[in-house]
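Notes follow once the structure below has been shown.
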Amino acid sequence: MTEDSDQITIVFKSNREGIPGTLNLCLDHIRQKAGNSPLHDDLMAKIKWVIMELLTNAVKHSGERESVLRIGLTMDAVILEKEDYGKPLVLVGQDKKKIIWPLEEMVRPLDFPIYHNGMDSLCVRTDESGRAIFFIEELAELEMPALLSDTSEHFGLLIMTKASDEFAYEHEPDTGLNRFISTFYFTQPLL
Amino acid sequence: MILKVEEANRVVQATILPQEASLSNADAFKEEMITIIGKGVRLVIVSFENVNYIDSSFLGSLVVALKYAMPRNVDIYLVSLKPDVKNLLTLIRMDKVFRIFNDYEEALGTLS
Numbered sequence: 006m007t008e009d010s011d012q013i014t015i016v017f018k019s020n021r022e023g024i025p026g027t028l029n030l031c032l033d034h035i036r037q038k039a040g041n042s043p044l045h046d047d048l049m050a051k052i053k054w055v056i057m058e059l060l061t062n063a064v065k066h067s068g069e070r071e072s073v074l075r076i077g078l079t080m081d082a083v084i085l086e087k088e089d090y091g092k093p094l095v096l097v098g099q100d101k102k103k104i105i106w107p108l109e110e111m112v113r114p115l116d117f118p119i120y121h122n123g124m125d126s127l128c129v130r131t132d133e134s135g136r137a138i139f140f141i142e143e144l145a146e147l148e149m150p151a152l153l154s155d156t157s158e159h160f161g162l163l164i165m166t167k168a169s170d171e172f173a174y175e176h177e178p179d180t181g182l183n184r185f186i187s188t189f190y191f192t193q194p195l196l
Numbered sequence: 561m562i563l564k565v566e567e568a569n570r571v572v573q574a575t576i577l578p579q580e581a582s583l584s585n586a587d588a589f590k591e592e593m594i595t596i597i598g599k600g601v602r603l604v605i606v607s608f609e610n611v612n613y614i615d616s617s618f619l620g621s622l623v624v625a626l627k628y629a630m631p632r633n634v635d636i637y638l639v640s641l642k643p644d645v646k647n648l649l650t651l652i653r654m655d656k657v658f659r660i661f662n663d664y665e666e667a668l669g670t671l672s
């Protein structure tokens with residue numbers, strides 16, 4: 006672990022046994038940096054969910070032995086980043102078409118739904134640089150939640166998108182770097 | 561062993577033993593649930609009284625168990641969820657597909 010005034014960097018060995026310890030390290034850092042202005046329990050719970058899902062994502066999907074987690078605390082926000090050089094993100098849209106990073110120039114920008122549970126539609130919008138921004142569109146409630154027809158693979162993304170104020174993915178084709186970024190804004194600046 | 565199981569009158573009380581319901585035990589939980597459901601019970605009441613945290617992998621296993629149970633006319637109820645766990649289920653709308661009760665007694669009270 007390395008630390009400067011605003012950020013810690015943690016190398017995570019992408020093993021499932023290491024998740025609880027790494028999670029606690031991250032949460033301890035945030036509590037310590039918040040100091041005399043402790044973050045609200047609800048916010049800490051959301052941060053915990055996202056860190057856990059980022060670490061789980063590293064174990065399940067990156068295919069790399071190491072990921073780097075950066076936890077930053079500013080006056081206005083908590084910023085969580087997970088980086089690795091593993092497999093780029095692959096999403097399967099609701100039309101079953103695969104969207105694979107790096108995106109081809111001709112398909113940018115792109116806006117597509119990838120999952121819905123009957124009430125929330127998890128969508129992705131990509132910009133000119135290929136950065137993917139996840140967002141939720143609320144649907145009119147259906148009689149039978151579609152949660153049961155499309156399971157699990159998107160739960161992690163759904164949790165991270167709904168818990169964060171902003172959730173995004175970046176891929177650098179030149180280096181192969183993948184980066185997930187989750188941001189939580191404070192309603193009032195940290196003292 | 562992920563679940564502590566007690567059965568009476570085809571109603572199973574299954575208490576999750578670990579404090580973390582996560583990737584490390586999601587598959588084992590799914591297998592144990594499928595075994596229980598396959599025994600011809602009518603209701604499985606899953607207690608989260610020990611669980612401090614649940615992740616997407618475990619939630620996925622829970623949904624797989626429900627999908628296995630539904631065509632077999634087996635209900636799955638969830639009880640004793642701590643606030644963090646319940647809030648996460650609510651966040652991704654799983655409270656719409658599972659019946660959630662405060663504790664075993666409340667869940668058993670719904671049976672005729």
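Top line first, the protein sequences correspond to chains B and L.
With the working numbering as the guide, the letters of the first sequence map in order to residues 6 to 196.
With the working numbering as the guide, the letters of the second sequence map in order to residues 561 to 672.
Glycine included, each C-beta is placed from N, C-alpha and C at the ideal position.
Identify whether residue i lies in helix, strand or coil by the three-state DSSP scheme.
i      : result
B/R64  : Contrary to the premise, residue 64 of chain B reads as Val rather than Arg in this sequence. Note: B/V64 maps to helix in three-state DSSP.
L/A581 : strand
B/E29  : Note on identity: in this sequence residue 29 of chain B is Asn, with Glu being the wrong assignment. It is helical.
B/R36  : helix
B/G77  : strand
L/I652 : coil
B/L163 : helix
L/R602 : coil
L/D644 : helix
L/V611 : coil
B/K103 : strand
L/S616 : helix
B/I52  : helix
B/T180 : coil
L/D663 : coil
B/F17  : strand
L/S621 : helix
Report buried or exposed for residue i, applying the criterion of at least 16 other Cβ atoms within 10 angstroms of its Cβ.
i      : result
B/M80  : exposed
B/D41  : Sequence inspection shows Asn at residue 41 of chain B; the Asp mentioned does not correspond to that position. Counting Cβ neighbours within 10 Å, B/N41 comes out exposed, since fewer than 16 surround it.
B/E86  : buried
L/Q573 : buried
B/T166 : buried
B/D179 : exposed
B/L96  : buried
L/D644 : buried
L/I585 : For clarity, residue 585 of chain L is Asn in the given sequence; the question names Ile instead. Buried, by the Cβ-count rule.
B/H159 : buried
B/I105 : exposed
B/E58  : buried
B/S134 : exposed
Quick check on residue i - is its C-beta less than 8 Å from some C-beta in chain B?
i      : result
L/L638 : no
L/E580 : yes
L/D644 : yes
L/L649 : no
L/G598 : no
L/G620 : yes
L/I652 : yes
Check whether the Cβ of residue i sits closer than 7 Å to any heavy atom of the ligand FMN, and report yes or no.
i     : result
B/L74 : The ligand content of the structure shown is nil, which means the ligand FMN is not present either.
Any beta carbon of chain L sitting closer than 8 Å to that of residue i?
i      : result
B/F185 : no
B/N29  : no
B/T79  : no
B/K65  : yes
B/G161 : yes
B/A50  : yes
B/K103 : no
B/T61  : yes
Among the residues of its own chain, which have a CB less than 7 Å from the CB of residue i, if the five just before and after it don't count?
i      : result
B/Y190 : D81, A82, D170
B/I56  : L28, C31, L85
L/K590 : S621, V624, A625
B/L162 : L127, F139
Might you give, ordered along the chain, the residues of its own chain that have their beta carbon closer than 8 Å to the beta carbon of residue i, omitting 5 neighbours on each side?
i      : result
L/L577 : M561, I562, L563, K564, N610
B/E109 : none
B/L144 : H121, G123, M124, D125, S126
B/N20  : V64
What does residue i pair with, by DSSP beta-bridge criteria?
i      : result
L/E567 : L/V572
B/P118 : B/C128
B/E143 : B/D125
B/F185 : B/K87, B/Y174
L/Y628 : L/Y628 is not bridged to any residue.
B/D47  : Per DSSP, none; premise fails for B/D47.
B/K137 : According to the sequence shown, residue 137 of chain B is Ala rather than Lys. Per DSSP, B/T131, B/Y174.
Under 6 Å Cβ to Cβ from residue i, same chain only, skipping five residues before and after it: list those, please.
i      : result
B/Y174 : L94, A137, F185
B/R130 : D116, I138
B/G181 : Y90
If the cut is a Cβ gap below 9 Å, which residues of chain D does residue i touch?
i     : result
B/I24 : In the structure shown, chain D does not exist; the protein chains are B and L.
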